[in-house]
Ligand SMILES: Nc1ncnc2c1ncn2[C@@H]1O[C@H](COP(=O)(O)OP(=O)(O)OP(=O)(O)O)[C@@H](O)[C@H]1O
Ligand SMILES: Nc1ncnc2c1ncn2[C@@H]1O[C@H](COP(=O)(O)OP(=O)(O)OP(=O)(O)O)[C@@H](O)[C@H]1O
Ligand SMILES: [Mg+2]
Ligand SMILES: [Mg+2]
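Protein chains in written order, with my numbering: chain A, 4 to 231; chain B, 4 to 231.
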C-alpha cells in the first residue's frame, strides 16, 4: 500500500548539502499500525513528509496504492493529501487566526463534495481528544498539549485512509498520551486505517504492531513489536 | 530566591475568562533543581512565564531575590530576563532568518557590557548539545529535536542564575534527553544555577531534587524526589 523503494532525500541550499535519507526501503500494508523510531536528526520527519506527499524524493520511487507517485497529477496529489492522508505535524501548524473549531473544520471545507454537517463532525473529533470545551480558544490561548490535541483532531476529521502522526504525544502527559494512543488504535482496528507514528516514547512504540528503526538516514531494524 | 505568594492568573479576551492559576504558593531556593509536572493544560507554562517575567500575575505577589517584581523598573525587568534568566520555550521560538550560531549568540549582543568572544561562547554552548556541526543550518533546515537543542544552547549562553526549561526534552530521543539532563545537572552543581524543568517525562522528573505537581491551576503536591 505504501512502498518506498531505494528512497534518497538530499537537502541543498547552495552551500551545504545534507543527505537526510540515504536509501530507504519500506513496505507497509493497508491497516498496519507502525511505529517509526530513531535518534533526533535521523530522518523520521523527512520520511513522513515524503510519504505524506508534502515533499518529493531526490532518488528512488514511492508507490502509493500501487501508483508511482511521480506520475500523479497535481490534482491527484492534492486529493490524496487533503482527503486520504491525515498529517499530524511535529510542530502542529494550527492557523493562529482561527479558533480550535475552525482549525479542525477547515479540511472539510476543501473537499470536492461538501458534507452536510461539517461543524458537528469537527465537534465530534474535538470531543474525541477532550478539547470540546476549548472550541472557541485560538492556538495562543491553548497550552502546548492542547494545541497538539487540536492538531490531532484536525488530522482525523476527513476519516483518512492513512494517518501520519509525527510525535503526536510529544507535548502530552502520560494520561493524555494514553488516551490519544487508544484513540488511534481504535481507529486502526475499526476502520483499517493505516497508521504510522513517529515517536520517542517507548510505551507508544510498544503498542504498535511493528517497529521500524531509522538511524542516520537508513533503516537499521524493522520487526514485529513484542508488545513491551 | 523565587517566591510566589497566592499567585493567580486569569486570561480574558472579552468573551471568555480562563483561570489558569488559582492561588499558587511556591518557594524555591538558590541552587535547587526542581521538576514541575502535571496534566496538559494544568498551568505549568503559565507559571513559567510568570517566573520568567514574561507575564504578570492577575493577583498575588512574585518576589525574586527578595524584591517584589511589581516594583521593578522596565529596565530592571529586561536585565533579569536577558542576563539572569535563561528561558527554554515549549515551542522553541528560534528566529527563522538566523542560522543556529546566530540564534545562540544573539542574547550576548544585547548585553550592556559586551563580551570579548561571543562567537566562541556560542560555539561552546552548541557543542554542549552536540549541535556544532549544524551551526550554519537555519531552523527549517533542522529536525524538531535539533531545533530544541539550539533553543537550549541559546538559554545557556549568558550563564544565567535561573534556567526555566519548559519541556526541554519533549522532542528528543532517550539518549539525547539523557545528555541534555546531564548537562543541566552539571550546570546546577557546578554553578549553583537554580533550574526549574517542566516535564511530562517521569525519568527526567525523578532526576531532579524536588517534584512539584500542579493540577487545574493549583499545586497539589510538593515533595523531595525519591530518585525513581
Ligand atoms: N491567552 C489565553 N487565553 C485563554 N486561556 C488560556 C490562554 N493561555 C493559556 N490558557 C489556558 O490556560 C491553561 C493553562 O495553560 P498552560 O499553557 O499553562 O498549560 P500547561 O500546563 O503548560 O499544559 P501543557 O502540558 O499542555 O503544555 C490551559 O487550559 C489553556 O487553555
Ligand atoms: N531543509 C534542510 N536543509 C538541510 N538539512 C536539513 C533540512 N531539513 C532537514 N535537514 C536535516 O536532515 C536531518 C533529518 O531531519 P528530520 O527532521 O527528518 O529528523 P528527525 O528524525 O525527524 O529528528 P527529530 O527526532 O529531532 O524530529 C537532520 O539532521 C536535519 O538537520
Ligand atoms: Mg522530527
Ligand atoms: Mg505547557
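The beta-carbon is built from N, C-alpha and C at its ideal position, and this holds for glycine as well.
If distances are taken between C-alpha atoms only, which option among the options comes closest to residue i?
| i | options | result |
| --- | --- | --- |
| residue 229 of chain B | B/123, B/208, B/218 | B/208 |
| residue 226 of chain B | B/10, B/19, B/16, B/35 | B/35 |
| residue 199 of chain B | B/8, B/33, B/21 | B/33 |
| residue 8 of chain A | A/20, A/28, A/15 | A/28 |
| residue 192 of chain A | A/204, A/143, A/212 | A/212 |
| residue 51 of chain B | B/173, B/85, B/82, B/89 | B/89 |
| residue 181 of chain B | B/59, B/210, B/92, B/214 | B/210 |
| residue 46 of chain A | B/197, B/176, B/185 | B/176 |
| residue 10 of chain A | A/165, A/149, A/99, A/59 | A/59 |
| residue 12 of chain B | B/103, B/5, B/18, B/23 | B/23 |
| residue 38 of chain A | A/215, A/219, A/220 | A/215 |
| residue 141 of chain A | A/99, A/53, A/56, A/218 | A/99 |
| residue 173 of chain B | B/185, B/149, B/130, B/4 | B/149 |
| residue 116 of chain A | A/95, A/86, A/169 | A/86 |
| residue 113 of chain B | B/94, B/92, B/81 | B/81 |
| residue 218 of chain A | A/4, A/25, A/16 | A/25 |
| residue 138 of chain A | A/44, A/146, A/153 | A/153 |
| residue 169 of chain B | B/17, B/18, B/40, B/14 | B/40 |
| residue 128 of chain A | A/53, A/203, A/190, A/5 | A/190 |
| residue 194 of chain A | A/91, A/106, A/147, A/166 | A/166 |
| residue 183 of chain B | B/108, B/125, B/91 | B/91 |
| residue 95 of chain A | A/108, A/187, A/147 | A/147 |
| residue 5 of chain B | B/21, B/56, B/108, B/102 | B/56 |
| residue 143 of chain A | A/163, A/125, A/130, A/106 | A/106 |
| residue 220 of chain B | B/21, B/164, B/97 | B/21 |
| residue 84 of chain A | A/186, A/185, A/162 | A/162 |
| residue 93 of chain A | A/186, A/151, A/19 | A/151 |
| residue 145 of chain B | B/101, B/19, B/206, B/164 | B/101 |
Start and end of the beta strand (DSSP E) containing residue i?
| i | result |
| --- | --- |
| residue 80 of chain A | Note, residue 80 of chain A: premise wrong, no beta strand (DSSP E); alpha helix (DSSP H) at 77 to 82. |
| residue 216 of chain A | 213 to 218 |
| residue 189 of chain A | Residue 189 of chain A -> not in any beta strand (DSSP E); alpha helix (DSSP H) instead, spanning 177 to 194. |
| residue 197 of chain A | 197 to 201 |
| residue 38 of chain B | 36 to 40 |
| residue 28 of chain B | 20 to 31 |
Using DSSP's beta-bridge definition, name the partner residues of residue i.
| i | result |
| --- | --- |
| residue 223 of chain A | Paired residues: none, contrary to the question. |
| residue 8 of chain B | B/64 |
| residue 90 of chain A | A/167 |
| residue 71 of chain B | B/66 |
| residue 161 of chain A | Its beta-bridge partners do not exist; DSSP assigns none. |
| residue 1 of chain A | Since the first and last residues shown for chain A are 4 and 231, residue 1 of chain A lies out of range. |
On the DSSP letters alone, give me the boundaries of the alpha helix (DSSP H) that residue i sits inside.
| i | result |
| --- | --- |
| residue 48 of chain A | 47 to 54 |
| residue 130 of chain B | 121 to 131 |
| residue 205 of chain B | 205 to 209 |
| residue 112 of chain A | 103 to 112 |
Kindly give me the distance between the Cβ atoms of residue i and residue j, rounded to whole angstroms, as I take these residues to be in contact under 8 angstroms.
| i | j | result |
| --- | --- | --- |
| residue 1 of chain B | residue 42 of chain A | Given a span of 4 to 231 for chain B in the structure shown, any question on residue 1 of chain B remains unanswerable. |
| residue 48 of chain A | residue 201 of chain A | 7 angstroms |
| residue 125 of chain A | residue 104 of chain A | 6 angstroms |
*asked:* Quick test of the definition: if touching needs 3 or more C-beta pairs under 8 angstroms, does the region 134 to 147 of chain A touch the region 75 to 83 of chain A?
replied: no
*Would you say the region 113 to 130 of chain B touches the region 54 to 73 of chain B, given that touching needs at least three Cβ pairs under 8 angstroms?*
no
*asked:* Within 8 angstroms, do at least three Cβ pairs link the region 216 to 226 of chain A to the region 151 to 161 of chain B?
replied: no
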